[in-house]
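Residue numbers (UniProt numbering), protein chains in the order written: chain A, 1 to 251; chain B, 1 to 251.
There are 2 protein chains.
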Amino acid sequence: MEGRATASTPAALPYYVAFSQLLGLTLVAMTGAWLGLYRGGIAWESNLQFNVHPLCMAIGLIFLQGDALLVYRVFRNEAKRTTKVLHGLLHVFALIIALVGLVAVFDYHRKKGYADLYSLHSWCGILVFVLYFVQWLVGFSFFLFPGASFSLRSRYRASHVFFGATIFLLSVGTALLGLKEALLFKLGAKYSLFEPEGVLANVLGLLLACFGGVVLYILTRPDWKRPSQAEEQALSMDFKTLTEGDSPSSQ
Amino acid sequence: MEGRATASTPAALPYYVAFSQLLGLTLVAMTGAWLGLYRGGIAWESNLQFNVHPLCMAIGLIFLQGDALLVYRVFRNEAKRTTKVLHGLLHVFALIIALVGLVAVFDYHRKKGYADLYSLHSWCGILVFVLYFVQWLVGFSFFLFPGASFSLRSRYRASHVFFGATIFLLSVGTALLGLKEALLFKLGAKYSLFEPEGVLANVLGLLLACFGGVVLYILTRPDWKRPSQAEEQALSMDFKTLTEGDSPSSQ
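Laid out in structure tokens, this is it:
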């Protein structure tokens with residue numbers, strides 16, 4: 001770890017990351033406030049079990065998933081493997097919390113005798129969850145499991161990044177649909193009277209969209225990408241020559 | 001136009017573009033089918049005026065906006081200016097059709113005495129429309145109006161592309177919210193009985209999300225970007241030397 005040249009952090013990046021965290025924490029807090037103020041709070045063994053669902057999804061599939069995507073932009077000078085493990089672990093936490101949220105809503109529906117999986121929100125939600133799990137498994141097999149060759153990794157990397165961003169955006173869209181569903185089922189025609197709950201939920205919806213937008217911006221700015229470090233480049237060269245069967249070039 | 005070396009089109013690109021068009025046309029047709037089969041069709045001077053709104057938005061803010069983004073990937077060997085004008089024109093058509101859709105819903109609300117702009121869908125919709133209009137104006141001033149310098153254009157280009165893609169994705173999200181709203185206001189608890197209208201609208205929602213995903217994929221694949229042509233590179237060099245005040249290098 002010694003003797004590594006530290007790459008400088010782009011000047012504006014920390015402000016954008018801080019802004020994303022402010023948005024993310026505010027949207028989680030606002031989800032909690034919405035459930036506490038207008039939906040009676042949260043509990044597992046009661047009618048309040050449903051409320052576990054939106055809170056878990058806001059924490060897991062929005063905030064933690066978004067933060068997992070930002071790991072490579074934030075930890076620019078750590079060893080690649082450390083950053084990779086953190087990226088994988090944050091996604092595991094997000095998946096587990098989302099699973100709790102999923103169990104909560106299915107269990108609540110079962111106890112109440114409600115139908116499952118009839119709405120667009122639920123279809124998108126199941127799609128997101130399955131895609132997210134598959135993406136994690138494939139990502140783990142390629143990047144953390146030691147078997148995959150360097151050339152296989154670098155060919156898969158672009159798809160991993162694209163699908164990661166797409167699944168995140170689909171998660172944000174699914175959350176917006178769920179929020180709208182919860183609002184319309186309860187408020188109905190009262191929604192048009194600018195009820196405080198409706199206005200608060202609309203603001204929460206805008207926060208969700210903004211968080212998605214800011215994470216996407218940080219992720220896609222080419223000059224904010226994590227630079228390869230000296231020893232990674234050397235290692236990559238070794239891998240490359242090994243996997244492609246060339247003889248190492250003289251240095 | 002003579003003597004220009006034509007850049008080869010990546011092998012898979014035409015298939016992806018064809019698939020995006022199939023998705024786009026299917027989603028517009030399915031919106032029409034939904035309104036025709038379950039909402040009584042379309043007319044301006046009656047209760048059916050509302051139905052103008054979803055159809056116009058599906059055509060303008062989803063299909064045409066998506067296609068306008070793909071213009072640079074599809075027309076790879078046309079003169080840059082032709083492609084640019086087509087890009088701008090498709091966005092103008094999209095804006096005009098969206099404006100008709102917007103007038104339809106406000107006029108319908110006024111006649112019925114309904115409140116305006118209370119829902120998350122309407123907030124996101126107004127945001128999309130304003131951002132889209134501003135993006136068009138700024139894009140026109142920088143890229144089609146002859147005043148902007150080469151260096152100003154190239155500095156603004158990345159933001160233009162990012163905001164263009166973001167506004168398109170926000171349009172897709174807003175359409176999903178609107179679809180859900182229209183469904184829940186009419187079906188209410190019947191939505192959970194897997195009514196044919198609900199299932200059709202859910203499939204329409206998935207088509208919307210898929211169209212967004214495929215357009216984003218075509219747009220972001222680095223090796224599918226439109227290559228600069230020989231005379232554009234020469235022109236850029238001239239502009240660059242002119243704007244930066246360097247003397248032209250000898251050739």
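Ideal Cβ positions, reconstructed from N, Cα and C, are used throughout, including at glycine.
Only a predicted model underlies this, so the values are computations on that prediction, with no experimental measurement involved.
Pull up the CB-CB distance for L23(A) and V214(A), whole angstroms please, since I reckon it's below 8 Å.
Locating residue 23(A) in the first sequence gives position 23, counting from the first residue. Locating residue 214(A) in the first sequence gives position 214, counting from the first residue. Between V214(A) and L23(A) the Cβ distance is about 6 Å, and since that is below 8 Å, they are a contact.
On the three-state DSSP scale, how would you describe Q229(B)?
The residue you call residue 229(B) lines up with position 229 of the second sequence. Q229(B) falls in the coil class under three-state DSSP.
Step through the CB atoms of chain D and report whether any lies within less than 7 Å of the CB of A115(B).
No chain D is part of this structure, whose protein chains are labelled A and B.
Candidates A158(A), K111(A), L13(A), F168(A): which alpha carbon is nearest M57(A)'s?
Position 57 of the first sequence, counting from 1, holds the residue named residue 57(A). Closest option to M57(A), Cα to Cα, is F168(A).
Nearest to D67(B) by alpha carbon, out of L89(B), A115(B), S122(B), L120(B)?
Residue mapping note: residue 67(B) aligns to position 67 of the second sequence, counting from 1. Out of L89(B), A115(B), S122(B), L120(B), L89(B) has the C-alpha closest to the C-alpha of D67(B).
Cα separation between K111(B) and R157(B)?
Position 111 of the second sequence holds residue 111(B). Position 157 of the second sequence holds residue 157(B). Taking the straight line from one Cα to the other gives about 43 Å.
In whole angstroms, give me the CA-to-CA distance for W44(A) and D107(A).
Position 44 of the first sequence, counted from the start, is the residue given in the question as residue 44(A). Position 107 of the first sequence, counted from the start, is the residue given in the question as residue 107(A). Going from the Cα of W44(A) to the Cα of D107(A) covers about 10 Å.
For F145(A), which of helix, strand or coil comes out of DSSP?
Position 145 of the first sequence, counted from the first residue, corresponds to residue 145(A). Of the three classes helix, strand and coil, the one that applies to F145(A) here is coil, per DSSP.
Is S192(A) close to chain B, meaning its C-beta is less than 7 Å from at least one C-beta of that chain?
In the first sequence, the residue the question calls residue 192(A) occupies position 192. Closer than 7 Å: yes.
Compare the C-beta of residue 252(A) against all C-beta atoms of chain B and say whether one is closer than 7 Å.
One cannot answer for residue 252(A) here, as it falls past the ends of chain A, which runs 1 to 251.
So the alpha helix (DSSP H) I97(A) belongs to, where does it begin and stop?
Residue mapping note: residue 97(A) aligns to position 97 of the first sequence, counting from 1. 80-112 is the extent of the alpha helix (DSSP H) around I97(A).
Using a Cβ-Cβ cutoff of 8 Å, what residues of the segment 26-60 of chain B are near chain A? List them in chain order.
Residues passing the 8 Å Cβ filter: none.
Pick from K225(B), E232(B), R226(B), L208(B): whose alpha carbon is nearest that of L64(B)?
Counting from 1 along the second sequence, the entry for residue 64(B) is found at position 64. When each option's Cα is compared against that of L64(B), the closest is L208(B).
Are the C-beta of K186(B) and some C-beta of chain A separated by less than 7 Å?
Position 186 of the second sequence, counted from the start, is the residue given in the question as residue 186(B). Not one chain A Cβ lies under 7 Å of K186(B).
Rounding to the nearest angstrom, what Cα-Cα distance links L170(B) and C124(B) in this structure?
Counted from its first residue, the second sequence places residue 170(B) at position 170. Counted from its first residue, the second sequence places residue 124(B) at position 124. In a straight line, the C-alpha of L170(B) is about 8 Å away from that of C124(B).
Would you report the Cα separation of E244(B) and S149(B), rounded to the nearest angstrom?
Mapped onto the second sequence, residue 244(B) falls at position 244. Mapped onto the second sequence, residue 149(B) falls at position 149. With a pLDDT of 46 at E244(B), under the threshold of 50, the modelled position of this residue cannot be trusted; read the value that follows with caution. Taking the straight line joining both Cα atoms gives about 10 Å.
Can we say the segment 152-166 of chain A touches the segment 214-230 of chain B, given the rule of at least three CB pairs closer than 8 Å?
Yes: at least three Cβ pairs fall under 8 Å.
Under a CB-based cut-off of 7 Å, is W224(A) close to chain B?
The residue labelled residue 224(A) in the question sits at position 224 within the first sequence. It does not: the Cβ of W224(A) has no partner Cβ on chain B nearer than 7 Å.
Can you tell me the Cβ-Cβ gap for L179(A) and G205(A), rounded? I've got them flagged as a contact below 8 Å.
As a first step, residue 179(A) is located in the first sequence; it is residue number 179 there, counting from the start. As a first step, residue 205(A) is located in the first sequence; it is residue number 205 there, counting from the start. At roughly 6 Å, the Cβ-Cβ gap stays under 8 Å, so L179(A) and G205(A) are in contact.
Can you find a C-beta in chain A that's less than 7 Å from the C-beta of N77(B)?
Counting from one through the second sequence, the residue named residue 77(B) turns up at place 77. Judged by the 7 Å Cβ criterion, N77(B) is not in contact with chain A.
Measuring only the C-alpha atoms, how far is L152(A) from V138(A)?
On the first sequence, residue 152(A) is found 152 positions in, with the first residue counted as 1. On the first sequence, residue 138(A) is found 138 positions in, with the first residue counted as 1. Their backbone Cα atoms lie some 12 Å apart in a straight line.
Using a Cβ-Cβ cut-off of 7 Å, state whether Y118(A) counts as contacting chain B.
Counted from its first residue, the first sequence places residue 118(A) at position 118. Yes, because at least one Cβ of chain B sits closer than 7 Å to the Cβ of Y118(A).
Below 7 Å CB to CB, which residues in the same chain sit around K84(A) once its five sequence neighbours on both sides are set aside?
In the first sequence, residue 84(A) corresponds to position 84, counting from 1. Cβ within range, chain order: F143, L144.
How big is the Cα-Cα spacing for L102(A) and F129(B)?
The residue given as residue 102(A) occupies position 102 in the first sequence. The residue given as residue 129(B) occupies position 129 in the second sequence. If you take the alpha carbons of L102(A) and F129(B), they lie about 35 Å apart.
For K180(B), decide whether its Cβ has a neighbour in chain A, counting only Cβ atoms nearer than 7 Å.
Along the second sequence, read from residue 1 onward, the residue named residue 180(B) stands at position 180. So, interface residue.
Alpha carbon to alpha carbon, how far is P14(A) from T31(B)?
Residue numbering aside, residue 14(A) sits at position 14 when the first sequence is read from its first letter. Residue numbering aside, residue 31(B) sits at position 31 when the second sequence is read from its first letter. Their Cα atoms are separated by approximately 44 Å.
Taking the alpha carbon of L127(A) as the point to measure from, which residue in W224(B), V17(B), C210(B), A12(B) has its own alpha carbon closest?
Sequence index remark: in the first sequence, residue 127(A) carries index 127 (1-based). Out of W224(B), V17(B), C210(B), A12(B), C210(B) has the C-alpha closest to the C-alpha of L127(A).
Give the single residue among V203(B), L69(B), Y114(B), T174(B) whose Cα lies nearest to the Cα of F50(B).
The sequence position of residue 50(B) within the second sequence is 50, counting from 1. Per the Cα distances, Y114(B).
Assign T82(A) to buried or exposed, taking buried as 16 or more other Cβ atoms, counted over all protein chains shown, within 10 Å of its Cβ.
Residue 82(A) sits at position 82 when you count from the first residue of the first sequence. Answer is exposed; the Cβ neighbour count stays below 16.
Among the residues of its own chain, which have a CB less than 7 Å from the CB of L184(A), if the five just before and after it don't count?
For the purposes of this step, residue 184(A) is taken as residue 184 along the first sequence, with counting starting at 1. Correct list, in chain order: Y191.
Does the Cβ of V134(A) have 16 or more other Cβ atoms within 10 Å, making it buried, or fewer, making it exposed?
Translated into positions along the first sequence, residue 134(A) becomes position 134. Looking at its Cβ environment, which holds fewer than 16 other Cβ atoms inside 10 Å, V134(A) is exposed.
Identify the continuous alpha helix (DSSP H) that holds residue 285(B) and give its terminal residues.
Here chain B comprises residues numbered 1 to 251, so residue 285(B) is not present and cannot be evaluated.
Identify the contact partners of L169(B) in chain A, using a Cβ-Cβ distance below 7 Å as the criterion.
The count along the second sequence starts at 1 and reaches residue 169(B) at position 169. Ordered by position in chain A, the residues that pass the 7 Å Cβ test against L169(B) are L169.
Closer than 7 Å, Cβ to any Cβ of chain A: which residues of the segment 135-167 of chain B, in chain order?
Answer in chain order: F162, T166.
When the Cα of H92(A) is compared with those of A175(A), T174(A), F140(A), which residue comes out closest?
In the first sequence, counting from the first residue as 1, residue 92(A) sits at position 92. Reading off the sequence, residue 92(A) comes out as Val, not His. Nearest C-alpha to V92(A): F140(A).
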